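2 protein chains.
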Amino acid sequence: MGIDLAETAIRGTFLDFIDDPWKHVGNEEAAVRFHADGLLVVEAGKIVDFGPYAEVAPKHPGVAITEIRDRIILPGFIDGHIHLPQTRVLGAYGEQLLPWLQKWVFPEEHKYADRAYAEEGTKHFFDNLLASGTTTAQTFTTGNLTCNEVFFEEATKRNMRMIGGLTGIDRHVPDYFANTPEQFYDDSKTLIEKFHGVGRNLYAITPRFGFGASNELLAACQKLKEEHPDLWINTHISENPAEIHGVLALHDDCHDYLGVYEKYDLVGPKFTGGHGVWLSNDEFRRLSDSGAAVSFCPSSNLYLGSGLFRLGKATDPEHRVLLNFGTDMGGGNRFSLLNTLEDAYKVGMLNNTILDGSIIPSDQDLAESERNKLSPFRAFYSLTRGGAESLYIDDLVGTFDIGKEADFVALDWTAGPPATAWHQSLLHDGGELTLEAASDLLFGIMMVSDERAVDETWVMGERAYKKA
Amino acid sequence: MGIDLAETAIRGTFLDFIDDPWKHVGNEEAAVRFHADGLLVVEAGKIVDFGPYAEVAPKHPGVAITEIRDRIILPGFIDGHIHLPQTRVLGAYGEQLLPWLQKWVFPEEHKYADRAYAEEGTKHFFDNLLASGTTTAQTFTTGNLTCNEVFFEEATKRNMRMIGGLTGIDRHVPDYFANTPEQFYDDSKTLIEKFHGVGRNLYAITPRFGFGASNELLAACQKLKEEHPDLWINTHISENPAEIHGVLALHDDCHDYLGVYEKYDLVGPKFTGGHGVWLSNDEFRRLSDSGAAVSFCPSSNLYLGSGLFRLGKATDPEHRVLLNFGTDMGGGNRFSLLNTLEDAYKVGMLNNTILDGSIIPSDQDLAESERNKLSPFRAFYSLTRGGAESLYIDDLVGTFDIGKEADFVALDWTAGPPATAWHQSLLHDGGELTLEAASDLLFGIMMVSDERAVDETWVMGERAYKKA
Chain A
1 MGIDLAETAI RGTFLDFIDD PWKHVGNEEA AVRFHADGLL VVEAGKIVDF GPYAEVAPKH
61 PGVAITEIRD RIILPGFIDG HIHLPQTRVL GAYGEQLLPW LQKWVFPEEH KYADRAYAEE
121 GTKHFFDNLL ASGTTTAQTF TTGNLTCNEV FFEEATKRNM RMIGGLTGID RHVPDYFANT
181 PEQFYDDSKT LIEKFHGVGR NLYAITPRFG FGASNELLAA CQKLKEEHPD LWINTHISEN
241 PAEIHGVLAL HDDCHDYLGV YEKYDLVGPK FTGGHGVWLS NDEFRRLSDS GAAVSFCPSS
301 NLYLGSGLFR LGKATDPEHR VLLNFGTDMG GGNRFSLLNT LEDAYKVGML NNTILDGSII
361 PSDQDLAESE RNKLSPFRAF YSLTRGGAES LYIDDLVGTF DIGKEADFVA LDWTAGPPAT
421 AWHQSLLHDG GELTLEAASD LLFGIMMVSD ERAVDETWVM GERAYKKA
Chain B
1 MGIDLAETAI RGTFLDFIDD PWKHVGNEEA AVRFHADGLL VVEAGKIVDF GPYAEVAPKH
61 PGVAITEIRD RIILPGFIDG HIHLPQTRVL GAYGEQLLPW LQKWVFPEEH KYADRAYAEE
121 GTKHFFDNLL ASGTTTAQTF TTGNLTCNEV FFEEATKRNM RMIGGLTGID RHVPDYFANT
181 PEQFYDDSKT LIEKFHGVGR NLYAITPRFG FGASNELLAA CQKLKEEHPD LWINTHISEN
241 PAEIHGVLAL HDDCHDYLGV YEKYDLVGPK FTGGHGVWLS NDEFRRLSDS GAAVSFCPSS
301 NLYLGSGLFR LGKATDPEHR VLLNFGTDMG GGNRFSLLNT LEDAYKVGML NNTILDGSII
361 PSDQDLAESE RNKLSPFRAF YSLTRGGAES LYIDDLVGTF DIGKEADFVA LDWTAGPPAT
421 AWHQSLLHDG GELTLEAASD LLFGIMMVSD ERAVDETWVM GERAYKKA
């Protein structure tokens, strides 16, 4: 895809975030920037001007304007945790984490050692991302070099801001699928040199999870991070109770799951641990102190029965943990982050009740209870600016600030299951959209609709997807 | 809609249930009837013959046959708990049960006192049911006569097997929306006489919930049931912890929520209590002994943060409770029972982990843990035969047995979000469908797709819906 070097502009209704809504309890609008009639000016894929149409347009006489009417335009969604080679196995029945991996996942992922199969699956993967409004994803691949080359080649071709890397596993895995620490190190080096920083690709050192990593594999990760301190680290943490018992049996010198990664100096900025369902209060505090992130994957946590992520604990202002949201497709059963928001809301509401004192009075914590409620602003912040901050790519994407890469999504609040338009007409029935109506419509999109609401997805200022 | 009195037939792949899959742990196929190439013969809206095409066709020479290819045909889905006048408020943000009722639900439901609005909403309601494959629904309305007349008139027009009734509330409700016990009794009588048993309509005495019912209102329900012992009783039970505290404060002579309904002799066959999230073991046992049913509404229980229904407890073979599944639209955020199955699976998987001993060893109950897993057979049994049995309408609908009313749905396993066809091709790639493949495809439909999989819905042997 070529980048248009001339200045172009998009006119429409824009909504992004200037702050974290969890910092503004009871007054979340303070975190939102909203232009009912806005103009976004793009040059060479980047945002060069943005604001109300009436203010911005006169500064760019003659600029070619694309009008996107009756849509809410948000920064492109960021998926913090997704598995490319599980695209086809999505929705396969049906176990908790560990048997599900053995029965369905490893056999399917192994097919991606074949270039033709990897290319077919990778094409489906990126097509689905764009149809879901997802423009950036931190992606697990496999431990196979070919699979990773195909991933980065396709990301380069699509010109998308992707994070990923060779996904290493050498314990609790069938022989046909196992890495060795040496091969993991060598192939990671090959990929780092070939792809990191090329196009929009970013490389993540990727030990699959503590349960599948020997000390030697983790030492190889540590060495890679020392040699390339600018790289990302992407892994899983504290997803399933049985998994945690297994991790502590394998790493019996560690007191908790986070300790395994800390032992190899992996925990800090640009580290993401997926899930974190069973993190202790102490682990939450250490993650907060270190600047590391957790990826909240509610669809997966429900689908695999892993448990309820403590969203209100992670967003404690005293010990705020950086968060991104992940589909965890195919541990999560939906490709669209809009469905992730639906399930995140549901997990949050269960926690809201658990902590309101109505079940067990001594468990009452009204502030934490409230923080579990995923308002639409908290939700879409998490997919955009919040996700970008957690991944330390907020200098590149996540808002409409000048200088950012022009990735965005246009949502149609009338699209979805039958009668969606009638539901939504209760909240907004014509006229210029207000911020309050936009908030209600966004909530309807996340709870009643799905990727059908994604009407257009733009990458670097170019339309990369339009719903048929 | 006229009923075709001549004999007609449908050829396709049929799946229904001859028993409860929970009775066949490890061997659920024993509960299933499956004809990869089947023929269903219909006359005057009822099934007059059914079986393998090769056996049945020769007995009906010259019968007009409609072929439905590449679909799985199931009995029409039964929604045990749904609120007609919440159709438009679906997806409104967002509280726990009690404030959500006050803020969103009562004002919207009140509009249905206006005939024109009620007709518009009721049309959307039935259109959505059919688009979701739902052919029978036990429906809450409002306490207003007009709303109920419109409901039964539309049900009659559509010739659908519906259960419903005037929905009474006289406590914890705004004055503009409150019934009096006398008006509730009188208007219920009017509706019973006018609509019960007319067409396919069945009447349910419907006190909204214990939290909203005075002793006098419940006494009116008791009187109606004594005068019309063949009627249904439909209400809510033990949905939300704060609600339960409120019920026991209002009815302080009762020890638990079920006791309130027992006091007025309402609990027995044809009684359904919606939700039952917080039922005690003793309440489960009393429900089981009485032949009453619970409606499991997982999407609602998650959306409103009510809690996790104990599916494995309700299906204890020692004290089996009759179950139907409900969308609880708009307490549930989706109209389609396929989404209900998705959330039921997720609730079940959380319980599966809670009871497997990996979190708290003393909570381990491996048999109950297993019963929480909603296999595809358990799932679709619950929407068809199981739902019919729980409502005591299994002599009318729920299977393809001869004599049943010919309500059915044809599912397209390739329809849904992008790449659905590619996922499903992993499980079935042409050729005659096997039962094992059908099971896997049905699971994909409930976890990855939604009402987009509903290709056709037939009512009394006539096609009432075809996806555009």
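Sequence order for the protein chains is A and B. For the first sequence, position 244 (counting from the first letter as 1) is numbered 244 according to full-length UniProt numbering, and the numbering increases by one without interruption. For the second sequence, position 66 (counting from the first letter as 1) is numbered 66 according to full-length UniProt numbering, and the numbering increases by one without interruption. The beta carbon of each residue, even a glycine, is placed where N, CA and C say it ideally should be. What you are looking at is a predicted structure, and each value in this text was computed from that prediction instead of being measured.
Stretch-stretch touch, CB-based, cutoff 8 Å, three pairs: the region 401–414 of chain A with the region 130–137 of chain A: yes
Where do the N-terminal and C-terminal ends of the beta strand (DSSP E) with Thr235 (chain B) fall, by residue? In the second sequence, residue 235 (chain B) corresponds to position 235, counting from 1. It spans 232–237 - the beta strand (DSSP E) in which Thr235 (chain B) sits, taken as one unbroken run.
Can you give the Cα-Cα distance for Asn179 (chain B) and Phe380 (chain A), rounded to whole angstroms? In the second sequence, the residue the question calls residue 179 (chain B) occupies position 179. In the first sequence, the residue the question calls residue 380 (chain A) occupies position 380. Cα to Cα, the separation comes out at about 41 Å.
As assigned by DSSP and simplified to three states, the class of residue 473 (chain B): Because residue 473 (chain B) is not part of the residues shown, which for chain B are 1 to 468, the question remains open.
Apply the 10 Å Cβ neighbour rule to Ala220 (chain A) and answer buried if 16 or more other Cβ atoms are within range, or exposed otherwise. Residue mapping note: residue 220 (chain A) aligns to position 220 of the first sequence, counting from 1. Buried, since its Cβ has 16 or more Cβ neighbours within 10 Å.
By DSSP, does Leu427 (chain A) sit in helix, in strand, or in coil? For the purposes of this step, residue 427 (chain A) is taken as residue 427 along the first sequence, with counting starting at 1. Coil, per DSSP.
Please go through the region 377–423 of chain B and give each complete alpha helix (DSSP H) segment of 4 or more residues, from N-terminal end onward. 385–390
Within 8 Å of any Cβ in chain B, is that where the Cβ of Lys103 (chain A) sits? The count along the first sequence starts at 1 and reaches residue 103 (chain A) at position 103. Not one chain B Cβ lies under 8 Å of Lys103 (chain A).
Straight-line Cα distance separating Ile359 (chain B) from Gly398 (chain B): Position 398 of the second sequence holds residue 398 (chain B). Position 359 of the second sequence holds residue 359 (chain B). Rounded to the nearest angstrom, the two C-alpha atoms are 39 Å apart.
Ala118 (chain A) to Leu90 (chain A) span [Cα, whole Å]: Your numbering for residue 118 (chain A) matches position 118 in the first sequence. Your numbering for residue 90 (chain A) matches position 90 in the first sequence. Cα to Cα, Ala118 (chain A) sits roughly 16 Å from Leu90 (chain A).
Would you list the residues sitting across from Lys466 (chain B) in a DSSP beta bridge? Start at 1 with the first residue of the second sequence, and residue 466 (chain B) comes out as number 466. Bridge partners of Lys466 (chain B): B:Glu456.
Please classify Lys23 (chain A) as buried or exposed, where buried requires at least 16 other C-beta atoms within 10 Å of its C-beta. The residue given as residue 23 (chain A) occupies position 23 in the first sequence. When all chains shown are included, Lys23 (chain A) counts as exposed.
Identify, in the order they occur along the chain, each residue of the same chain with its Cβ nearer than 6 Å to the Cβ of Gly461 (chain A), setting aside the five sequence neighbours on each side. In the first sequence, counting from the first residue as 1, residue 461 (chain A) sits at position 461. Taken in chain order, the residues that qualify are Val42, Gly45, Ala406.
What's the C-alpha gap between Ser280 (chain B) and His319 (chain B)? By 1-based counting over the second sequence, the position of residue 280 (chain B) is 280. By 1-based counting over the second sequence, the position of residue 319 (chain B) is 319. In a straight line, the C-alpha of Ser280 (chain B) is about 13 Å away from that of His319 (chain B).
With 16 other Cβ atoms within 10 Å as the buried cut-off, status of Ser306 (chain A): The sequence position of residue 306 (chain A) within the first sequence is 306, counting from 1. Classification of Ser306 (chain A): buried, given that the 10 Å Cβ count is 16 or more.
Going by alpha carbons, who is nearest to Asp37 (chain A) out of A:Asn27, A:Ala9, A:Ala30? Translated into the one-based positions of the first sequence, residue 37 (chain A) becomes position 37. Nearest C-alpha to Asp37 (chain A): A:Ala9.
Mind checking whether Gly199 (chain A) and Thr156 (chain A) have CB atoms under 8 Å apart? Taking the first sequence and counting its residues from 1, the one referred to as residue 199 (chain A) is at position 199. Taking the first sequence and counting its residues from 1, the one referred to as residue 156 (chain A) is at position 156. Contact: yes.
Is it buried or exposed, Arg385 (chain B), if we count other Cβ atoms within 10 angstroms and call 16 or more buried? Residue numbering aside, residue 385 (chain B) sits at position 385 when the second sequence is read from its first letter. Flag for Arg385 (chain B) reads buried.
Cβ closer than 8 Å: which chain A residues qualify as neighbours of Arg378 (chain B)? Sequence index remark: in the second sequence, residue 378 (chain B) carries index 378 (1-based). Chain A residues near Arg378 (chain B): none, gap ~11 Å exceeds 8 Å.
Taking Cβ to Cβ, would you say Pro85 (chain B) is nearer than 8 Å to Thr141 (chain B)? Along the second sequence, read from residue 1 onward, the residue named residue 85 (chain B) stands at position 85. Along the second sequence, read from residue 1 onward, the residue named residue 141 (chain B) stands at position 141. Yes, these two residues count as a Cβ contact at 8 Å.
Cutoff 8 Å: residue 519 (chain B) Cβ touching any chain A Cβ: Beyond the ends of chain B as shown, which are 1 and 468, falls residue 519 (chain B); an answer cannot be given.
Helix, strand or coil: which one does DSSP assign to Asn27 (chain B)? Your numbering for residue 27 (chain B) matches position 27 in the second sequence. Asn27 (chain B) falls in the coil class under three-state DSSP.
On the CB-based measure, 16 or more other CB atoms within 10 Å of its CB, does Lys225 (chain A) come out buried or exposed? The residue given as residue 225 (chain A) occupies position 225 in the first sequence. Buried is the call here.
Can you check whether the C-beta of Arg385 (chain B) is within less than 8 Å of a C-beta belonging to chain A? By one-based count along the second sequence, residue 385 (chain B) stands at place 385. With 8 Å as the cut-off, Arg385 (chain B) does not count as an interface residue toward chain A.
If we cut at 8 Å on Cβ distances, does Pro181 (chain B) have a partner in chain A? Taking the second sequence and counting its residues from 1, the one referred to as residue 181 (chain B) is at position 181. So, not an interface residue.
Are Thr190 (chain A) and Phe151 (chain A) close, meaning C-beta to C-beta below 8 Å? Start at 1 with the first residue of the first sequence, and residue 190 (chain A) comes out as number 190. Start at 1 with the first residue of the first sequence, and residue 151 (chain A) comes out as number 151. Not a contact, by the Cβ cut-off of 8 Å.
Mind listing which residues of the region 12–26 of chain B have their C-beta closer than 7 Å to chain A's C-betas, in chain order? none
Distance, Asp70 (chain B) Cα to Gly2 (chain B) Cα: Here residue 2 (chain B) refers to the residue found at position 2 when the second sequence is read from its first residue. Here residue 70 (chain B) refers to the residue found at position 70 when the second sequence is read from its first residue. Any answer about Gly2 (chain B) is weak, because its pLDDT of 49 lies below 50 and its placement is not dependable; what the coordinates show is given next. Their backbone Cα atoms lie some 28 Å apart in a straight line.
Taking C-beta pairs closer than 8 Å, name the residues in chain B that Asp440 (chain A) reaches, listed in chain order. Taking the first sequence and counting its residues from 1, the one referred to as residue 440 (chain A) is at position 440. Those are Ala92, Tyr93, listed as they occur along chain B.
Would you report the Cα separation of Gly165 (chain A) and Pro298 (chain A), rounded to the nearest angstrom? Mapped onto the first sequence, residue 165 (chain A) falls at position 165. Mapped onto the first sequence, residue 298 (chain A) falls at position 298. Using only the alpha carbons, I get a separation of about 23 Å.
Please report whether the beta-carbon of Gly2 (chain B) lies at a distance below 8 Å from any beta-carbon of chain A. Position 2 of the second sequence holds residue 2 (chain B). With a pLDDT of 49 at Gly2 (chain B), under the threshold of 50, the modelled position of this residue cannot be trusted; read the value that follows with caution. Not one chain A Cβ lies under 8 Å of Gly2 (chain B).
Members of the region 113–127 of chain B near chain A, C-beta cut-off 9 Å: Glu120, Gly121, His124, Phe125, Asp127
Since Asn400 (chain B) contacts Phe14 (chain B) with CB under 8 Å, what's their CB separation in whole angstroms? Along the second sequence, one-based indexing puts residue 400 (chain B) at 400. Along the second sequence, one-based indexing puts residue 14 (chain B) at 14. In the sequence as presented, Asn is not what sits at residue 400 (chain B); that position holds Phe. That belief holds up - the Cβ atoms of Phe400 (chain B) and Phe14 (chain B) are roughly 6 Å apart, short of 8 Å.
Helix, strand or coil for Asp186 (chain A) per DSSP? By 1-based counting over the first sequence, the position of residue 186 (chain A) is 186. Correct three-state label for Asp186 (chain A): helix.
Runs of 4 residues minimum, wholly inside the region 92–148 of chain A: which ones carry the alpha helix (DSSP H) assignment? 97–100, 106–110, 115–131
Min CB distance Lys467 (chain A) to chain B below 8 Å: By one-based count along the first sequence, residue 467 (chain A) stands at place 467. No, no contact with chain B.
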